[in-house]
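J.:
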Amino acid sequence: MFCPKCGSEVDQQNSFCTVCGNPIDFTDQHNSASEKTPAGLHSINNTPSKIIIGVIIAAVSILLIFICYKPQPQHTVTRCIKAINNNDIDRIMSCLEPEVENYFKELDADEQAMELDYLQAFSINDHKILSKEIDGNEAEILVAVVVDYPDSDEPEPEMLKFILKKFNKGWRIMDMEYL
82 MFCPKCGSEV DQQNSFCTVC GNPIDFTDQH NSASEKTPAG LHSINNTPSK IIIGVIIAAV
142 SILLIFICYK PQPQHTVTRC IKAINNNDID RIMSCLEPEV ENYFKELDAD EQAMELDYLQ
202 AFSINDHKIL SKEIDGNEAE ILVAVVVDYP DSDEPEPEML KFILKKFNKG WRIMDMEYL
């Protein structure tokens with residue numbers, strides 16, 4: 082006979098389970114205990130399986146997110162505009178082609194400060210991506226921006242065309258043209 086509470090085997094001479102201390106009534110539970118034992122043991126043994134299945138489902142979900150997520154060139158443009166507004170020179174450089182980023186890193190502190198002063202002179206109040214054309218590893222993003230220049234009383238609307246190229250680390254801005 083098995084204990085209906087913990088599923089341990091109980092000797093018929095005992096009136097209590099030696100594992101969990103549950104009182105055992107052999108006369109009433111003999112048939113029902115033997116019928117419940119396989120299901121009870123099955124559910125106890127099934128718990129690790131449910132955990133394993135849950136972990137597998139979570140791992141597959143995360144893998145699908147990484148497979149389906151592809152960096153887009155317009156994300157690089159948006160990230161660069163936000164970095165300009167936050168005066169985050171490191172983030173700006175991470176959006177530009179590697180040669181420009183390396184050039185900036187080689188500048189001395191005074192030259193870097195001059196570049197930062199230039200970037201702090203204006204801010205982009207608003208931007209809207211109007212179009213994107215992707216051709217393999219190259220892309221053109223057309224953006225409408227509202228630029229606040231220090232020598233102007235009113236923000237000025239501008240049209241910019243960003244030319245991007247895909248590198249190992251994602252999309253980088255190669256050039257920017259005012260239209």
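Under the numbering used here, the first residue of the sequence shown is numbered 82, with each subsequent residue one higher. Just so you know, even glycine gets a beta-carbon here, dropped at the ideal spot from N, CA and C. From a predicted model like this one, the values you see are computed outputs, not experimental measurements.
#1: Where does Phe203 fall in DSSP's three states?
#2: Short check: CB of Phe185 to CB of Gln193, under 8 Å?
#3: With distances taken from CA atoms, which of Ile173, Lys246, Lys250, Glu239 is nearest Glu258?
#4: Ends of the alpha helix (DSSP H) at Asp229?
#5: Short of 6 Å in beta carbon distance, which residues of its chain neighbour Glu196, apart from the five on each side in sequence? Order them along the chain.
#6: State buried or exposed for Thr157, treating a residue as buried only when at least 16 other CB atoms are found within 10 Å of its CB.
#7: For Ile148, write down the residues that DSSP places opposite it in a beta bridge.
#8: Straight-line CA distance for Leu245 to Ile132?
#9: Does DSSP put Ile215 in a helix, a strand or coil?
#10: Give the DSSP bridge partners of Glu258, in chain order.
T.: The answer reads as follows:
#1: coil
#2: yes
#3: Glu239
#4: Premise fails: Asp229 lies in the beta strand (DSSP E), 219-229, not in any alpha helix (DSSP H).
#5: none
#6: buried
#7: In the DSSP output, where bridge partners are listed per residue, Ile148 has none listed.
#8: The alpha-carbon separation between Leu245 and Ile132 amounts to approximately 45 Å.
#9: strand
#10: Checking the DSSP bridge columns, you'll see Glu258 partnered with Lys242.
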